[in-house]
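Mapping the sequence shown onto our numbering, position 91 (from 1) lands on 195, and the numbers just tick up by one.
Structure first, commentary second.
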Amino acid sequence: MVNHRSFNVLGNIAIVNFSDKISLELKKKFAEQLLLKHPTIKTVLEKSGKFSGRLRKMKTKHLTGEKNKEVLYKENNCVFRFNLDTTYFSPRLSNERKEIASLIKKNEDVLVMFAGVGPYSICIAKNSEAKVYSNEINREANKYAKLNIELNKVKDKVELIPGDIKKAAERIRSPAHQRFAPPSNHPRIVNNKKLSYENINHVIPKKFDAIVMPRPKLKETFLKQAFMLSKKGTKIYYYDFCKTEDVDKIAEKIKNEAKKARKKIKILKIKQAGEIAPYKIRVRVDFKII
105 MVNHRSFNVL GNIAIVNFSD KISLELKKKF AEQLLLKHPT IKTVLEKSGK FSGRLRKMKT
165 KHLTGEKNKE VLYKENNCVF RFNLDTTYFS PRLSNERKEI ASLIKKNEDV LVMFAGVGPY
225 SICIAKNSEA KVYSNEINRE ANKYAKLNIE LNKVKDKVEL IPGDIKKAAE RIRSPAHQRF
285 APPSNHPRIV NNKKLSYENI NHVIPKKFDA IVMPRPKLKE TFLKQAFMLS KKGTKIYYYD
345 FCKTEDVDKI AEKIKNEAKK ARKKIKILKI KQAGEIAPYK IRVRVDFKII
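Pasting the structure below:
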């Protein structure tokens, strides 16, 4: 029997996470029942693998309904379009995004690393009076981020910084303080619509007032880059993963990285930001450069 709580809905697409013991026949039967019971659901997909790599791509299989993997999703007075297989999006972080946006002050320059299709960046832009700079390495995610910036009418408040944050950080802090422009191979068409990149060809601050780091589950912390782009007073919102009993180790790791970067910090808050598996959690650590 399939647990009816074992599926998530994004827009009009349901994603079901079955156990290995469930037969294909039962999977399809459950999927068809979802369509009957939930008229707003048009497509049912099976999650066939975990999020993998720095790009956090997920594999899905079509079970029934329309053959579509592009989502139109709404949260926090924002709307997002993205492809489930080529980009990462977690609806479970909706409250996190809203909380972070509430912590941003007027006229702050905010850097969002690992920004994906723009959920943190756009939520902050629509719910604060800050200027947001959105960095993401995944070209497909940047394509959708550009579209989402236009859909949410925040072109004047969000600028994209496409590419690897390591290279981006070096460019931002360089004496020449180069302008950012999209790479020549950066996608410029979404849904047959030509995208304008005018808003990402501007001078970017060398240091930021706030840095948001919704990291994937990686060995590297990327705190080195955050410290490079911080100044006295900068607040950093850092996400990591650990066992429930190892939360203090995350704070110690941050302190050690700060010491290497010759930065003094003050831990402001440590909170659980969701369970990712039994006894394994996502942790958010808020800290300030002093």
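Cβ atoms here follow ideal geometry from the backbone N, Cα and C, with glycine treated the same way.
- Boundaries of the alpha helix (DSSP H) around I226: P223 to N231.
- Residue burial annotation: G222 is buried, with at least 16 other C-beta atoms found within 10 angstroms of its C-beta.
- DSSP, reduced to helix, strand and coil, places D124 outside both helices and strands of the structure shown, so it counts as coil.
- Taking C-beta separations shorter than 7 Å and ignoring five residues to either side along the sequence, the partners of T144 in its chain run N116, following chain order.
- According to the DSSP assignment, K347 belongs to the beta strand (DSSP E) that extends over K339 to K347.
- Pairwise C-beta distances place the stretch 201-221 in contact with the stretch 310-318, as three or more of them are shorter than 8 Å.
- Nearest to N181 by C-alpha distance, out of D350, K131, K257 and T168, is K257.
- Listed in chain order, the beta strand (DSSP E) runs fully inside the stretch 161-189 are 164-169, 174-179 and 182-187, counting runs of at least 3 residues.
- Excluding sequence positions up to five before and after N246, its CB lies within less than 7 Å of the CB of E240, L264, P266 and H290, all in the same chain and listed in chain order.
- Each residue's CA atom was taken as its position, placing A249 and A205 some 18 Å apart.
- Cβ-Cβ separation between I393 and K336: approximately 6 Å, consistent with a contact (criterion under 8 Å).
- Shown here for N199: not one same chain residue has a beta carbon closer than 6 Å to its own, the five before and five after excluded.
- Cβ-Cβ separation between Y343 and P318: approximately 5 Å, consistent with a contact (criterion under 8 Å).
- Annotation: N256 is outside any alpha helix (DSSP H) and is labelled neither H nor E by DSSP.
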